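Counting in my numbering, the final residue of the sequence shown is number 519, and the numbers go up one at a time with none missing. Cβ coordinates follow ideal geometry from the N, Cα and C atoms, glycine included. On a predicted model such as this, the values are computed, not experimentally measured, just so you know. A quick write-up on the structure given underneath.
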Amino acid sequence: MKKRFIILVIVAISISLLGLLGVQLYWIRNAVAIKEVNFDRGVSEAVSRAIYRFNKQELTRKMTMQHERNHHLSQLSSILDSLNRIHYNEIFSQHSDQSQSVEDEPDMFWQNFGFQRYPGSGYIPESGGPFRQDPFSAFFERSRMINDLFDELFYNRYSFQVTNENTIRSLDSLLRYELETQGIKTPYEFGVYNPHNHLLVTEKTGKHSNELMTSPYQFHLFPNDLFVNPEYLLVYFPQQERYILSQMNAMLGTSFVLLLILISSFAFTIFTIIRQKKLSVMKNDFINNMTHELKTPISTISLACQALSDQDVKKSEPLYKSYIRVINEENERLGLLTERVLQTALIEKARIRLNITGLNLHDIIQQSIDKVGLQVEARHGRIEKHLEAEYSFVKGDKVHLTNIFSNLIDNANKYSPNAPEIKISTENSAKGVLVHVQDKGIGIGRANQKKIFDNLYRVSTGNIHDVKGFGLGLSYVKAIVEQHGGTVSLESEQNKGSRFTVFIPFGYNGNKTEKY
4 MKKRFIILVI VAISISLLGL LGVQLYWIRN AVAIKEVNFD RGVSEAVSRA IYRFNKQELT
64 RKMTMQHERN HHLSQLSSIL DSLNRIHYNE IFSQHSDQSQ SVEDEPDMFW QNFGFQRYPG
124 SGYIPESGGP FRQDPFSAFF ERSRMINDLF DELFYNRYSF QVTNENTIRS LDSLLRYELE
184 TQGIKTPYEF GVYNPHNHLL VTEKTGKHSN ELMTSPYQFH LFPNDLFVNP EYLLVYFPQQ
244 ERYILSQMNA MLGTSFVLLL ILISSFAFTI FTIIRQKKLS VMKNDFINNM THELKTPIST
304 ISLACQALSD QDVKKSEPLY KSYIRVINEE NERLGLLTER VLQTALIEKA RIRLNITGLN
364 LHDIIQQSID KVGLQVEARH GRIEKHLEAE YSFVKGDKVH LTNIFSNLID NANKYSPNAP
424 EIKISTENSA KGVLVHVQDK GIGIGRANQK KIFDNLYRVS TGNIHDVKGF GLGLSYVKAI
484 VEQHGGTVSL ESEQNKGSRF TVFIPFGYNG NKTEKY
């Protein structure tokens, strides 16, 4: 897979993801706007119904008060009528004693008291039957009717105290009921604003005065009062935005999960593509290195066989032995290379089995030195031993432990450009033996130190391939050490060498890693 194609795939996926994200945010924004409109409509309907019921209660209160007042006025009127009748009767009795007949009195006498003479009926009060109502009572009744009319039109409702605690409680109860009926269950604050005085005459709690004054929810508290200054009911919801979003929990949660899945899938896809690209490069390097590694022994064996089969070459016992030895050595070399590849495959599948026995780690190190020592000497190098661990007996697999130290010594030899100088030392820790393999080679940069234990990974040296290998050695070392319950670490600096430290615990604990 070419790099340009990978970049195009990443760009395409990024654009698609951003497009989906934009569409999702657009729909969420529209959904929030619709929820806000529905909330405003619900608040308007709820408050309007609460105000209607509140005014209905107020009208009932006013009518009750008016009825009580009329009753008191009727009682007062009856008392005055009774007093007037008594007074008129007394006056009438006095005038009757002074004259023998009422018919002889001038009409002016009766007219002074509001009576009118009718033929055949006698003197009758102007308002009705005899003595039904006196003039003062009639005048008082007419005045009361006019007052009642003006009271109905211009009744001073400010005798109703909006700041009364019972009134606030009643208004609060009506608002709560109507809001819950509309499905609005969130804390609210309300207040009554008088525009004539430019102040809030009452509030529910008094904690949100400024917010109430700027609230968009303002309603005429007494819409039927046409002859007085209006008062407004202001309503404010402190948690309005949170409440609206809580109504969309399901949609927001689903959107968040989907976006998280998309982003995770995108990241995983990009990671997989990059990883596959690296694996592809590493496998190509592995195939090239393996080809070079296998080509040398195969060519050597082929040449030896041709020499033995060439009849022009004189055959002798030393010659036969020499060619046979070369063939055996190269054959063993092929076997070791094949075994290393197979062991790596087994390690990846966690199917490798260890033959655990008690052994002396110093003896294992010496055997590893013997296997690689000739190669070091061939390059005019040397190996220093400082085996100072007092307790070097551990439980482990002899073959695999020999292989890991052989790999470390072989790497120290291969990555030393000049005559190798290798130092091997041991020391005891509380739980096992520490083995240090140190060289003065080319070293490893910090960028590569965390990757060198990965399978097939080799430090890049540009176009120079003077160091042979498959990139399997250190991954094999780490796997075997960890299966023994130990650890392996690296300290290195470019052009100053490397130091590998292997910790092997005294007792075998399977795959349980011990810390020294």
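Alpha carbon of residue i to alpha carbon of residue j, nearest angstrom
i       : j       : result
Ser-77  : Arg-64  : 20 Å
Ile-54  : Val-26  : 42 Å
Ala-270 : Gly-22  : 16 Å
Val-3   : Leu-364 : No answer is possible for residue 3: the residues shown for the chain start at 4 and end at 519.
Val-438 : Asn-410 : 14 Å
Val-12  : Arg-382 : 50 Å
Lys-210 : Lys-38  : 27 Å
Thr-299 : Gln-309 : 15 Å
Arg-32  : Leu-255 : 11 Å
Ile-419 : Lys-443 : The identity of residue 419 in the sequence shown is Ser, whereas the question assumes Ile. Their backbone Cα atoms lie some 7 Å apart in a straight line.
Arg-449 : Glu-496 : 8 Å
Glu-244 : Val-35  : 9 Å
Tyr-235 : Val-50  : 12 Å
Asn-252 : Val-260 : 12 Å
Glu-71  : Leu-182 : 35 Å
His-223 : Thr-208 : 21 Å
Ile-483 : Ile-407 : 8 Å
Arg-7   : Ser-501 : 37 Å
Glu-446 : Gly-376 : Checking the sequence, you will find Gly at residue 446 rather than Glu. Cα-Cα distance, rounded: 21 Å.
Ser-218 : Asp-43  : 12 Å
Gly-132 : Glu-93  : Because the pLDDT at Gly-132 is just 44, under 50, the model does not fix this residue reliably, and the point stays unresolved.
Thr-67  : Glu-61  : 10 Å
Gln-69  : Asn-213 : 39 Å
Phe-503 : Leu-337 : 27 Å
Lys-317 : Asn-331 : 21 Å
Tyr-511 : Ile-290 : 36 Å
Ser-85  : Pro-233 : 45 Å
Gly-384 : Asn-421 : 8 Å
Val-14  : Asn-41  : 41 Å
Short CB-CB distance (under 7 Å) between residue i and chain C
i       : result
Lys-401 : Of the protein chains in this structure there is only one, and it is not chain C.
Beta-bridge partners of residue i, as assigned by DSSP
i       : result
His-223 : Tyr-235
Gly-361 : Lys-398
Leu-390 : Thr-429
Gly-194 : Glu-206 and Leu-237
Thr-504 : His-439 and Ser-492
Glu-424 : Arg-385
Cut-off 6 Å between Cβ atoms - residues of its own chain near residue i, not counting five sequence neighbours on either side
i       : result
Leu-477 : Ile-455 and Phe-456
Lys-518 : none
Thr-426 : With the sequence shown as reference, residue 426 is identified as Lys, and Thr is not the correct amino acid for it. If we look at Lys-426 and ignore the five residues flanking it on each side, its Cβ neighbours are Glu-387 and Gln-441.
Sequence-distant residues of the same chain with beta carbon closer than 7 Å to residue i, five excluded per side
i       : result
Asp-400 : Leu-357, Asn-358 and Ile-359
Val-329 : Thr-303 and Ala-307
Lys-374 : Ser-409
Gln-250 : Lys-38
Whole-angstrom C-beta distance between residue j and residue i, which should lie under 8 Å
i       : j       : result
Tyr-191 : Tyr-239 : 7 Å
Ile-187 : Gly-45  : 5 Å
Lys-280 : Ile-18  : Contact doesn't hold; Cβ gap of about 21 Å is too wide.
Val-523 : Ile-386 : Because residue 523 is not part of the residues shown, which for the chain are 4 to 519, the question remains open.
Ser-431 : Glu-393 : Here residue 431 is Asn; the residue named in the question, Ser, does not match the sequence. The Cβ separation is near 6 Å, so the contact holds.
Gln-441 : Leu-493 : 11 Å between Cβ atoms; not a contact.
Thr-272 : Ile-16  : 6 Å
Asn-73  : Asn-227 : Not really, about 21 Å apart at Cβ, beyond 8 Å.
Leu-24  : Leu-262 : 6 Å
Cβ-based neighbour list, residue i, same chain, cut-off 8 Å, excluding 5 preceding and 5 following
i       : result
Leu-20  : Leu-265, Ile-266 and Phe-269
Leu-362 : Phe-396, Val-397, Lys-398, Gly-399, Lys-401 and Leu-404
Tyr-180 : Ala-53
Residue j beta carbon less than 7 Å from that of residue i
i       : j       : result
Leu-237 : Gln-221 : yes
Pro-423 : Asn-414 : no
His-389 : Ser-325 : no
Gln-242 : Thr-189 : yes
Val-491 : Lys-481 : yes
Phe-506 : Gly-489 : yes
Leu-215 : Arg-56  : no
Ile-327 : Ser-371 : no
Heavy atom of the ligand FAD within 6 Å of residue i beta-carbon
i       : result
Thr-516 : Among the components modelled here there is no ligand, and therefore nothing to report on the ligand FAD.
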